[in-house]
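**Q**
There are 2 protein chains.
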Amino acid sequence: MSRASDRAFDTIRSMIVSGELSPGEQLIEEALAERCGVSRTPVRDALRRLESDMLVQRNDTQRTFVADWSLDDVADVFELRAMLEGHAAKLAAERMDDAALERLRKCNSALRAAVKSSPPDIDLFLELNREFHALILKVASSPRLATLLATLIEQPVIWRTAHHYSADELVRSSAEHDELLAAFARKDGAWAQSVMSGHIRRAYHAYADAHHGLTAIDAADRKRRA
Amino acid sequence: MSRASDRAFDTIRSMIVSGELSPGEQLIEEALAERCGVSRTPVRDALRRLESDMLVQRNDTQRTFVADWSLDDVADVFELRAMLEGHAAKLAAERMDDAALERLRKCNSALRAAVKSSPPDIDLFLELNREFHALILKVASSPRLATLLATLIEQPVIWRTAHHYSADELVRSSAEHDELLAAFARKDGAWAQSVMSGHIRRAYHAYADAHHGLTAIDAADRKRRA
DNA sequence: TGTGGGTTTATTGTATACAATTCCTTCTCG
DNA sequence: CGAGAAGGAATTGTATACAATAAACCCACA
Chain A
551 MSRASDRAFD TIRSMIVSGE LSPGEQLIEE ALAERCGVSR TPVRDALRRL
601 ESDMLVQRND TQRTFVADWS LDDVADVFEL RAMLEGHAAK LAAERMDDAA
651 LERLRKCNSA LRAAVKSSPP DIDLFLELNR EFHALILKVA SSPRLATLLA
701 TLIEQPVIWR TAHHYSADEL VRSSAEHDEL LAAFARKDGA WAQSVMSGHI
751 RRAYHAYADA HHGLTAIDAA DRKRRA
Chain B
551 MSRASDRAFD TIRSMIVSGE LSPGEQLIEE ALAERCGVSR TPVRDALRRL
601 ESDMLVQRND TQRTFVADWS LDDVADVFEL RAMLEGHAAK LAAERMDDAA
651 LERLRKCNSA LRAAVKSSPP DIDLFLELNR EFHALILKVA SSPRLATLLA
701 TLIEQPVIWR TAHHYSADEL VRSSAEHDEL LAAFARKDGA WAQSVMSGHI
751 RRAYHAYADA HHGLTAIDAA DRKRRA
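As they're listed, the protein sequences go chains A and B. Quick note on numbering: the first sequence equals residues 551 to 776 in the working numbering. Quick note on numbering: the second sequence equals residues 551 to 776 in the working numbering.
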């Protein structure tokens with residue numbers, strides 16, 4: 551997309567991710583257009599893209615809403631991620647070369663440093679974690695898999711809440727990355743797959759532990775609105 | 551989408567699936583608009599949807615082309631399908647109820663009849679096969695999984711060529727469905743997953759056997775064009 | 001009350017004109 | 001000849017006006 555459409559996409563996306571627009575809220579094309587400073591045409595484009603990223607949903611009559619996630623939905627996504635990223639790790643292990651491995655090592659070193667500083671630099675952690683997983687996906691070199699995963703890993707429910715991870719959990723993350731690196735070094739696809747799958751599943755439980763209180767409130771709130 | 555956009559989507563889609571538009575061919579919005587009898591606006595909508603279905607691709611400057619699939623791409627898709635449909639089968643087995651099981655049985659009976667008639671009714675087979683898999687996906691009740699799979703199972707490379715299946719392969723398909731039904735009846739998720747995964751992988755090899763000659767020609771043709 | 005039908009308003013869908021970009025041809029200069 | 005720039009043609013992007021549809025409202029009537 552070109553300038554206006556991109557701006558609309560970025561603006562709306564950040565409004566959703568930041569929580570400025572709350573889950574379940576209806577999105578009006580004209581209002582968004584005004585806020586983004588563009589016409590409705592690029593806004594409609596942006597909404598299409600956000601829909602395929604599962605950040606917004608449409609009802610049966612084409613009205614658009616900020617995606618609303620139940621805890622079950624989140625569990626669903628993590629399970630699929632565990633499966634697909636596990637597969638990606640397997641492919642990556644089989645196709646790993648020295649240069650890529652070196653980049654992954656550097657990435658995880660930086661990540662560990664971010665985690666070990668006090669206080670831990672969460673934003674940097676997120677950035678490097680993202681890069682680490684992106685590198686693996688690149689080495690896996692399956693464009694279709696990349697497409698499928700892209701829609702799963704860009705979910706705001708996850709990013710918005712990563713700040714609740716405990717220091718311990720952050721350290722464990724980088725340790726799991728180390729184990730992945732070991733599997734990659736041996737080109738052991740099955741090992742890499744197991745580690746990655748576990749890595750994602752642990753992340754899910756960290757999320758669920760931090761949020762089951764919150765989601766209970768959300769559920770009540772949702773009920774009230776209905 | 552409403553009428554015009556749907557018509558554009560259906561029209562363009564069928565032109566791609568039927569081969570009227572060949573892989574790699576550029577799609578011009580205005581030309582498509584004229585052919586569909588609508589303006590460019592709904593055509594652009596349709597192209598977005600076709601893009602997310604992976605039926606068309608865009609280059610770096612926003613030009614749109616009919617998706618072009620190498621044999622590796624096809625292998626890639628089948629592998630992902632095997633994984634995701636296997637997972638769907640596992641979930642479905644765990645959540646299966648008598649009513650759904652009965653519908654699946656009826657569906658496969660009809661499918662078997664279509665296969666056993668002479669000559670086998672391939673179109674009916676495809677229709678019922680689709681329905682069978684859709685029912686399983688429905689019982690699995692994971693909307694996210696359904697979304698991901700939707701983009702994989704609607705691929706024209708597969709449908710356009712299903713007519714090359716041998717009678718023997720068609721019969722084997724319905725036999726594998728029977729085995730799935732057995733796994734469902736016992737609510738054995740792991741069994742269902744294995745059978746489904748194998749089912750898809752066998753389909754891939756049937757495809758590859760029928761097409762490795764053809765794809766060699768395709769490759770030469772593609773080279774000539776380049 | 002509260003329920004059905006019709007009217008009004010809000011919102012999305014479509015067509016069209018024009019702007020911006022990309023692509024292709026051609027010409028110049030080395 | 002070849003590389004690269006300039007101009008023109010083809011294509012996509014954006015804004016805007018209007019049409020179609022869905023939601024909200026209101027009021028008569030039971």
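By construction, the Cβ of each residue, glycine as well, lies at the ideal position given by its N, Cα and C atoms. As the structure is a computational prediction, the values presented were derived from the model and not from experiment.
Is the CB-CB distance between Ala-617(A) and Gln-607(A) below 9 Å?
**A** Residue numbering aside, residue 617(A) sits at position 67 when the first sequence is read from its first letter. Residue numbering aside, residue 607(A) sits at position 57 when the first sequence is read from its first letter. Closer than 9 Å, so yes.
**Q** Looking only at DSSP bridge pairs, what is Phe-615(A) linked to?
**A** On the first sequence, position 65 is the one that residue 615(A) refers to. In DSSP, Phe-615(A) forms a bridge with Gln-576(A), Gln-607(A).
**Q** Are any of the Cβ atoms in chain B nearer than 9 Å to that of Ser-589(A)?
**A** Taking the first residue of the first sequence as 1, we reach residue 589(A) at position 39. No, no contact with chain B.
**Q** For Asp-622(A), which residues of its own chain have a beta-carbon under 8 Å away from its beta-carbon, when the five flanking residues on both sides are left out?
**A** Taking the first sequence and counting its residues from 1, one reaches residue 622(A) at position 72. Nothing listed; no residue qualifies.
**Q** For Gln-743(A) and Gly-636(A), what's the separation of their Cα atoms in angstroms?
**A** Position 193 of the first sequence, counted from the first residue, corresponds to residue 743(A). Position 86 of the first sequence, counted from the first residue, corresponds to residue 636(A). Rounded to the nearest angstrom, the two C-alpha atoms are 4 Å apart.
**Q** Using a Cβ-Cβ cut-off of less than 9 Å, list which residues of the segment 688-699 of chain B approach chain A; keep chain order.
**A** Correct list: Ser-692, Pro-693, Arg-694, Leu-695, Thr-697, Leu-698.
**Q** Out of Glu-584(A), Arg-599(A), Phe-615(A), Glu-580(A), which has the shortest C-alpha to C-alpha gap to Gly-574(A)?
**A** Position 24 of the first sequence holds residue 574(A). Closest option to Gly-574(A), Cα to Cα, is Phe-615(A).
**Q** Given that Asp-626(B) touches chain A, what residues does it touch there, using C-beta distances under 9 Å?
**A** For the purposes of this step, residue 626(B) is taken as residue 76 along the second sequence, with counting starting at 1. The answer, in chain order, is Ser-692, Pro-693, Arg-694, Leu-695.
**Q** With DSSP collapsed to three states, give me the class of Asp-745(B).
**A** For the purposes of this step, residue 745(B) is identified with residue 195 of the second sequence, where counting begins at 1. For the record, residue 745(B) in the displayed sequence is Val; it is not Asp. It is helical.
**Q** Are three or more beta carbon pairs between the segment 581-599 of chain A and the segment 678-685 of chain A nearer than 8 Å?
**A** No contact exists between the segment 581-599 of chain A and the segment 678-685 of chain A.
**Q** Take Leu-698(A) as the anchor and find which of Phe-559(B), Asp-673(B), Glu-579(B), Met-633(B) has the nearest alpha-carbon.
**A** Locating residue 698(A) in the first sequence gives position 148, counting from the first residue. Among Phe-559(B), Asp-673(B), Glu-579(B), Met-633(B), the Cα nearest to that of Leu-698(A) belongs to Met-633(B).
**Q** Is the segment 623-631 of chain B touching the segment 668-677 of chain B in the sense that three or more CB pairs, one from each, lie closer than 8 Å?
**A** No: fewer than three Cβ pairs fall under 8 Å.
**Q** Does the contact criterion of 3 or more C-beta pairs under 8 Å hold for the segment 657-664 of chain B versus the segment 722-730 of chain B?
**A** The segment 657-664 of chain B, when compared against the segment 722-730 of chain B, does touch it at the 8 Å Cβ threshold.
**Q** My understanding is that Ser-692(B) touches Leu-641(B), with C-beta atoms under 8 Å, so please give their C-beta distance in whole angstroms.
**A** If you number the second sequence from 1, residue 692(B) lands on position 142. If you number the second sequence from 1, residue 641(B) lands on position 91. About 6 Å; that satisfies the 8 Å criterion.
**Q** Using a beta-carbon distance below 9 Å, is His-637(B) in contact with chain A?
**A** Translated into positions along the second sequence, residue 637(B) becomes position 87. By this cut-off, His-637(B) is an interface position.
**Q** To the nearest whole angstrom, what separates the beta carbons of Val-593(A) and Ala-558(A), a pair I think is in contact under 8 Å?
**A** Here the question's residue 593(A) lines up with position 43 in the first sequence. Here the question's residue 558(A) lines up with position 8 in the first sequence. Val-593(A) to Ala-558(A), Cβ: 5 Å. Contact.
**Q** Can you give, in chain order, each stretch of the alpha helix (DSSP H) that sits fully within the segment 632-658 of chain B and has at least 4 residues?
**A** Counting whole runs of 4 or more residues, the segment 632-658 of chain B contains no alpha helix (DSSP H) stretch at all.
**Q** Kindly indicate if chain B contains any beta-carbon less than 9 Å away from that of Ser-602(A).
**A** Here residue 602(A) refers to the residue found at position 52 of the first sequence. It does: the Cβ of Ser-602(A) has a partner Cβ on chain B nearer than 9 Å.
**Q** What is the residue span of the alpha helix (DSSP H) that His-683(B) lies within?
**A** On the second sequence, position 133 is the one that residue 683(B) refers to. First-last of the alpha helix (DSSP H) with His-683(B): 672-690.
**Q** Reducing DSSP to helix, strand and coil, say where Ser-589(A) ends up.
**A** Here residue 589(A) corresponds to residue number 39 of the first sequence, with the count starting at 1. Reduced to three states, the DSSP call for Ser-589(A) is coil.
**Q** Closer than 7 Å by beta-carbon distance: list the chain A residues that pair up with Leu-548(B), in chain order.
**A** In the structure as shown, chain B starts at 551 and stops at 776, and residue 548(B) therefore has no counterpart that could be examined.
**Q** Starting from Arg-598(A), find everything on chain B with Cβ-Cβ shorter than 7 Å and list it in chain order.
**A** Position 48 of the first sequence holds residue 598(A). Simply Arg-598.
**Q** From the beta carbon of Asp-738(A), is the nearest beta carbon of chain B less than 9 Å away?
**A** Counted from its first residue, the first sequence places residue 738(A) at position 188. No, no contact with chain B.
**Q** Is there a Cβ of chain A sitting closer than 9 Å to that of Arg-563(B), yes or no?
**A** Position 13 of the second sequence holds residue 563(B). Not an interface residue.
**Q** With DSSP as the reference, label Pro-669(A) as helix, strand or coil.
**A** Position 119 of the first sequence, counted from the first residue, corresponds to residue 669(A). In this structure, Pro-669(A) counts as coil in the three-state DSSP scheme.
**Q** Would you list, in chain order, the members of the segment 633-661 of chain B that have their beta-carbon closer than 7 Å to a beta-carbon of chain A?
**A** The segment 633-661 of chain B vs chain A, Cβ under 7 Å: Met-633, His-637.
**Q** Note down the Cα distance separating Ile-566(A) from Glu-601(A), rounded to an integer number of angstroms.
**A** Taking the first residue of the first sequence as position 1, residue 566(A) is located at position 16. Taking the first residue of the first sequence as position 1, residue 601(A) is located at position 51. Whole-angstrom Cα-Cα distance: 12 Å.
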